[in-house]
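Participant: Once you've had a glance at the structure underneath, I'll fire off some questions.
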Amino acid sequence: MDATALTNLHATALTSRCINPYFRHEQLKSLHDALRSQTDSIRSAIRQDATCTDTEATIEIATALRVVKEHYASIDPKKELENEYRPAHALDAQNRAEPWGVVYIEPSLGHTSLLSVLEPLSAAIAAGNCVALRLETTTRAVPSLLRTLLTKALQPDTFQIISTTPPQEALANTLSVRQDPSAVGATHSQLVSSSRRVISVVDRTADLSQAAEALVAARFSFGGTSPYAPDLVFVNEFVKTAFLEQVLSHAIRYLAITSSNETPISSQTHHSKNQTTQKALASLTSHKDWEMSIITQGSAGAVVDLTNKHATHTPLPPKSNAPILAISAISSLDHGIDLIVNDSDARLSAAYHFAAPTHAKYLSQFINAEATFINQIPTELLLGPAAPLFHEFDIVKRYSKEHFQRASPVFAKAQVMKSILSTSSHDAAKLLQDASKEISQKKRAEWIAIGFFEQGILIGLGTYAVPILTCLGATLFFGVRAGLRRWAVI
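Quick note: the sequence shown uses this note's numbering, first residue 80, plus one each step.
Next comes the structure, spelled out in structure tokens:
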């Protein structure tokens, strides 16, 4: 059944129907109309599935609608027509791109499920593709509602919902979008979301209140399930106590089930989230390398302190989708870097560094991450799925039209350069002579870079050398003066 659906979509793609800009406009407008007419139903479905507030559910809906509108506005029929006919006027179309034809989307519904579906879906439609969307048959409210809304809004010969993963051979000529963390290895025909850890380092030079507020919001907002929620926070031991005080002051409003002005969360959703939290806490408690102590715990999450049981480097705790903010002390920036770098060669999904600019630069240089944020965690980052690997990172939109197109340039303009094949032996020898000339080495600027280590050396010299030189100078001065007085007396 699912393979047949993909076959039908490939047949439609061959007709180039979806490439027509006016058809894409119609599809995106129909999608937007279907969503905006059911905002109340969508909000209720989100609240039923996820541990989030009414405000957070409304933000997710608004973001999804805005993404669809932006993709609609990105389609310019007049400009596309001009680009299409450039070769007919003997002009190059170097930026020409064509859609993949069929896109298979396998969303991750564990976090902001509405946005996880609509972001790649609207981008794929805007790029001119037919789409196969995998939505399992489930009792969850959002997937069930999307089945109804999307089926009515989009043309059935260009859009299909399937319930199981198609066989690999059926996806041979299809671009696959895989947001599931279990997806392994991205190929040229796959957009695979990052599923690695997110780690933060808080230095003693950081604004502790700002750092605590940002990290608490990132960990506990939207039910604490964002792929960009911090899994572990390393904080300098000299400011750990002050940082924890700030964390507790900001975490109070998140750790309760809901605030007084919010609609109560369904008991089933709350029970499921509480089970996830308890399971994660039990896993940390029984961890062989890390000792956990609970600093504070509420019905919607916990703040815990982790201490390494060994003096040597040990594997870091695994990534978690539970609303638990794990904090561990480090003695220096280098200590934090060693713990992260020695754990794995894989790049982090994201890194958050809170420190003075020079110290943050040092951290970002040695801690490899798909994206690094210094003294900030944008709210937009917490919405939607993780960005696909090996592509340009966009904080607001995880997917763009360009993700769902392939370069297909056309060169029609006559080249002014003389053809290499018609070059004479004398000219070829001259070409070789010019290409064989020695590269003139550029001289380095004669200055000393004042970096992190140089600053330490200069501070050390200032600390020890200045007092010593002062003492020597004073000794010489008084010694010479005493000698001159004695000589004068004699």
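Cβ coordinates follow ideal geometry from the N, Cα and C atoms, glycine included.
1. Go through its chain and collect everything with a Cβ distance to ALA439's Cβ below 6 Å, but skip five positions before and after it.
2. Which same chain residues end up closer than 7 Å to GLU177 when comparing Cβ atoms and leaving out the 5 residues on each side of it in sequence?
3. Cβ atoms of ALA113 and ARG126: under 8 Å apart, would you say?
4. Going by DSSP, name the residue or residues bridged to GLY377.
5. Taking C-alpha atoms, which residue in ALA390, THR437 and ARG477 lies nearest to LEU270?
6. In the structure shown, what three-state DSSP assignment does THR337 receive?
7. First and last residue of the alpha helix (DSSP H) that includes ARG115?
8. Tell me whether ALA508 is buried or exposed, calling it buried when 16 or more other Cβ atoms sit within 10 Å of its Cβ.
9. Measuring alpha carbon to alpha carbon, tell me which of PRO397, LYS388 and ALA330 ends up nearest GLN376.
10. Compute the distance between the beta-carbons of ASP310 and LYS398, then report whether it is under 8 Å.
11. Compare the C-alpha of ALA405 against each of PRO235, SER116, GLU459 and LEU363 and name the closest.
12. Between which two residues does the beta strand (DSSP E) carrying VAL210 extend?
13. Determine the extent of the alpha helix (DSSP H) in which VAL295 is found, giving its start and end residues.
14. Using CA coordinates, which residue listed in HIS470, GLN117 and ILE374 is at the minimum distance from LEU225?
15. Beta carbon of THR356, beta carbon of ALA401: below 8 Å?
16. With a CB to CB cut of under 8 Å and the five nearest residues on each side skipped, what residues in its chain are close to PRO166?
17. Start and end of the beta strand (DSSP E) containing HIS239?
18. Taking the Cβ atom as the reference point for each residue, do ASP384 and SER365 lie within a distance shorter than 8 Å?
19. Would you tell me roughly how many angstroms separate the C-alpha atoms of ASP413 and ASN315, rounded to the nearest one?
20. Using the DSSP secondary-structure output, state which residues sit across from ASN387 in a beta bridge.
21. Just how far apart, CA to CA, sit ALA335 and ARG298?
22. Please report the distance separating the alpha-carbon of ILE140 from that of LEU360.
23. With distance defined between alpha-carbon atoms, name the residue in SER187, ASP133 and LEU327 nearest to VAL256.
24. Closer than 7 Å: is that where the CB of TYR307 sits relative to any heavy atom of the ligand NAP?
25. For ALA434, tell me which candidate among LEU287, ASP422 and ILE547 has the shortest Cα-Cα distance.
26. Tell me whether the segment 211-219 and the segment 96-109 touch, counting them as touching only if at least three CB pairs, one residue from each stretch, are closer than 8 Å.
27. Per the DSSP calculation, ILE184 is bridged to which residue(s)?
28. Which two residues bound the contiguous alpha helix (DSSP H) that contains GLN163?
29. Out of HIS150, VAL277, ALA129 and THR83, point me to the one whose CA is closest to ILE446's CA.
30. Would you tell me roughly how many angstroms separate the C-alpha atoms of THR130 and ASN162, rounded to the nearest one?
31. Please name the residue in ARG275, TYR307 and VAL382 whose C-alpha comes closest to that of GLN325.
32. Going by alpha carbons, who is nearest to ALA203 out of GLU215, SER504 and VAL181?
33. Assuming TYR307 and LEU460 form a contact by the criterion Cβ under 8 Å, report the distance between their Cβ atoms to the nearest whole angstrom.
34. Once you ignore the five residues that flank HIS111 on each side, which residues in its own chain have a CB closer than 8 Å to its CB?
35. Assuming GLU177 is part of the beta strand (DSSP E), what are its boundary residues?
36. Just to confirm, are ASP424 and PRO394 a CB contact at a threshold of 8 Å?
Facilitator: According to the data block:
1. HIS432 and ILE453
2. GLN484, ARG485 and SER487
3. no
4. GLY380
5. ARG477
6. Residue placement at THR337 cannot be trusted, given a pLDDT of 48 that sits under 50; the coordinates are not used to answer.
7. 100-115
8. exposed
9. ALA330
10. yes
11. LEU363
12. 209-213
13. 287-299
14. GLN117
15. yes
16. ALA172, VAL489 and ALA491
17. A quick correction: the sequence has Gln, not His, at residue 239. Start and end: 238-241.
18. no
19. 11 Å
20. TRP369
21. 14 Å
22. 32 Å
23. SER187
24. In terms of ligand content, the structure shown is empty, and the ligand NAP therefore cannot be addressed.
25. LEU287
26. no
27. LEU212 and VAL256
28. What sits at residue 163 in the sequence shown is Glu, not Gln. From DSSP, the alpha helix (DSSP H) with GLU163 extends over 156-163.
29. VAL277
30. 47 Å
31. VAL382
32. VAL181
33. 5 Å
34. LEU144, VAL147, LYS148 and TYR151
35. 176-178
36. no
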